[in-house]
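Notes follow the structure.
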Amino acid sequence: MIRPAPNRGFDGSANDFWKMIGLVFAALIGLTLLATVWSLSSREAGAAEPIRWAADTESGAPLVFQDPKNPGNIIGFEREVIEGAAKRLGRPATLVHNAWDGLIPGLARGNYDVIVNGLEITDERKKEIAFSDPYFITYEQLTVRKDESRIQSLEDCRGKKVGTLKFSLAQTILEKFGGIEIVTYEAEPTSYEDLKNGRTDAVLLDAPLAIYNAKPNPALKLVGAPVGRIEYGIGMKKSDTALLADLNRALGEMAKDGELRKIYERYALWNPLMAEKFGDKRPGTIDPPDMYEYFLNASHRERTWEDRAKLYVTFIPILAKGALTTLHISLFAMVLAVAFGLALALMRLYGPKPVSFAALLYIELIRGTPLLIQLFFIFYALPYAGLKLSPFVAAVLGLGLNYAAYEAENYRGGIAGVPKSQSEAGLALGLSHGQTIRHIVIPQALRIVIPPITNDFISLLKDSSLVSVITMVELTKLYGQLASTYYDFLGTGVLVAAFYLLLGLPFVRLARYVELRLTPGAVTETKPGFSKRILFRA
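When you line the sequence shown up against my numbering, it's residues 0 to 537, in that order.
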């Protein structure tokens, strides 16, 4: 059936469109304020100041990782170490999620108090931050495929591809050794997956990572003698001398009364280097190591389709929380992009030459540089100029200011698509130049730019995955954490993709609805089971 599209009170102006944008923005601000008030009110009056410790939970077992049987819970021997030390100081310990390569920059800007994430004590890092006494000592371990017989040591790796974590001590060792093609990874599970699939010839990583990620894998084996000596320390600012002294005292007490050894035995990590360090060569007291056995039984067992389905059900609340974070950031950022993008377009088209040039320069500069670099600049560089933003605000500004440049070009194209005769008619009716732009040109341009703006919002939803580098835990970050914990990149990936699809589809429908309402007199066709489509405009 063909019928005229209802006008529903639109007079051709953009007022209702901007009212809707304003209502969305106001609702988002209200939700944010309510969440902030709730967070502040939930704190106990007079409670001790927590020790905020940072880690990348995607780094995996046994350092800091998601509980395989309860994905909403974070476990790991390092969590037990820092919580044990904090307890002795009479303070709670609060985990702050942060990407591995941003741990030290995040410490410098004050996002947290300490780093506890397998941070090796090196001379280079000592120039930047202070370290506690070592709380764990280990070595690098070489891993190859089960059927590999040519590689038994680092010497045998010359001329071959060897994987490792980026910015790790293992990478430094490989670089100094020479003659090896180094392949770096964000997380160790993917490095061992590539080794298993034949993309690399070996992997060199800290022994605890190899024990938990490679040793249980029937396709891989550990080879060669221990490589080097690694000491993990708690990293903090050099100015935090009091905290450094307190943590060293607490760690010393934990070593003396056997608490540290008990933790390491439970995770199957007590080794001769630790025994020598602590002067404790007594026979082990925990057999079998319960946390190691727990991890193996939960993560490295074969799962039926029924088991996987039950597991995916437990993922849904976790991913839903990440999806809300993604949506929250994306909506705020898109409102900023739409409003600022229109201002940029008007400045470029109608402003004086200096203003027009400034708008053009901004657009080209933003479109010509990577969004990731812009996020790093806003979050990590601006504090040096005295401007320190929260992760959420930095994420919204980074995405919003970036996409504003693209929206400006959408608006410019939309304004150019309005016939010149429309402006001439407005001027002939006695409207000023500004009134003509506001009441005649912009409303018609909005109808033209709604489809590309919708496409940009869908792209922004996906680009929001980049904000994990500034400590925001959103949907894609949670995917990495869950996939690396359960070694299930396929099923978890499909589930995350479905969440992104569900996030984007309602806004596609909303944009279609707004486009119809902004098109008075449009003739549409409705078919059973299908949406309206515009045939022509009256």
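We put the CB at the ideal spot given by N, CA and C, even for glycine.
Quantities reported herein were computed from a predicted structural model and do not represent experimental measurements.
Arg516 counts as buried, since at least 16 other C-beta atoms from the protein chains shown sit within 10 angstroms of its C-beta. Bounds of any alpha helix (DSSP H) do not take in Gln65; it lies within the beta strand (DSSP E) bounded by Phe64 to Asp66. A contact is defined here as three or more CB-CB pairs under 8 Å, and the region 311 to 318 fails this definition with respect to the region 371 to 383.
Here Glu473 is buried, its C-beta having at least 16 other C-beta atoms within 10 Å. The region 332 to 349 and the region 398 to 407 touch, with three or more beta-carbon pairs separated by less than 8 Å.
Counting the other Cβ atoms within 10 Å of the Cβ of Trp99 gives 16 or more, which makes it buried. Among the bridge pairs identified by DSSP, Trp52 is matched with Leu94 and Val113.
Taking C-alpha positions only, His432 is separated from Leu426 by approximately 7 Å. Beyond the five residues adjoining it in sequence on each side, Ile414 comes within less than 8 Å, by CB distance, of Ala344, Leu348, Val440, Ile441 and Ala444 in the same chain, given in chain order.
Non-local C-beta neighbours of Arg265 in its own chain, meaning closer than 6 Å and more than five positions away in sequence, comprise Ile285, Pro288, Asp289 and Met290, ordered along the chain. Note: Thr163 is bridge-paired with Thr183 in the DSSP secondary-structure output. DSSP places Val143 in the strand class (E or B) of the three-state scheme. For the alpha helix (DSSP H) assignment, the uninterrupted runs of no fewer than 4 residues enclosed by the region 370 to 414 are, from N- to C-terminal side, 370 to 375. A Cβ-Cβ contact shorter than 8 Å links Val63 with Asn116. Relative to Thr93, the option among Arg51, Asp66, Val80 and Arg78 whose CA is nearest is Arg51. Between Ile120 and Ile172, the alpha-carbon positions lie close to 14 Å from each other. Taken through DSSP and simplified to helix, strand or coil, Tyr134 comes out as coil.
It is roughly 47 Å from the alpha-carbon of Pro451 to the alpha-carbon of Ile179. Using a Cβ distance threshold of 8 Å, Val143 and Gly162 do not count as a contacting pair. The distance from the Cβ of Val113 to that of Ile262 is about 18 Å, inconsistent with a contact at the 8 Å cut-off. Under the DSSP assignment, Ile73 falls in the beta strand (DSSP E) whose first and last residues are Asn69 to Ile74. Between Thr491 and Leu481, the C-beta spacing is below 8 Å. Counting C-beta pairs with one atom in each stretch, the region 503 to 514 and the region 452 to 468 have three or more that are closer than 8 Å, which means they touch. Straight-line measurement puts the Cα of Pro390 at about 31 Å from the Cα of Ala249.
By a beta-carbon distance limit of 8 Å, Tyr191 contacts Asn212. Their separation comes to about 5 Å.
Annotation for Ile73: Thr56, Val63, Phe64, Gln65, Asp66 and Leu94 place their beta carbon closer than 8 Å to its own, counting only its chain and skipping 5 residues before and after. About 7 Å separates the beta carbon of Lys159 from that of Ala201, a gap short enough to meet the 8 Å contact definition. Per DSSP, Glu252 lies in no beta strand (DSSP E) segment; the continuous alpha helix (DSSP H) that holds it begins and ends at Thr240 to Lys255.
In this structure, Leu102 is the residue among Pro91, Leu102, Gly350 and Glu275 with its C-alpha nearest to the C-alpha of Tyr379. The closest CA to that of Gly71, considering only Leu430, Arg508 and Gly321, is found on Gly321.
Take Thr199, set aside five residues on each side of it, and the residues of its chain with a beta-carbon closer than 6 Å to its own are Lys160, Gly162, Val182 and Asp193, in chain order. Within the same chain, and ignoring the five residues on either side of Val222 in sequence, the residues whose Cβ sits closer than 6 Å to its Cβ are Leu141, Val143 and Gln151.
In this structure, Ala47 keeps its C-beta atom at 8 Å or more from the C-beta atom of Thr137. A direct Cα-to-Cα measurement between Pro282 and Glu79 gives close to 22 Å. The alpha-carbon of Val448 is positioned some 26 Å away from that of Pro353.
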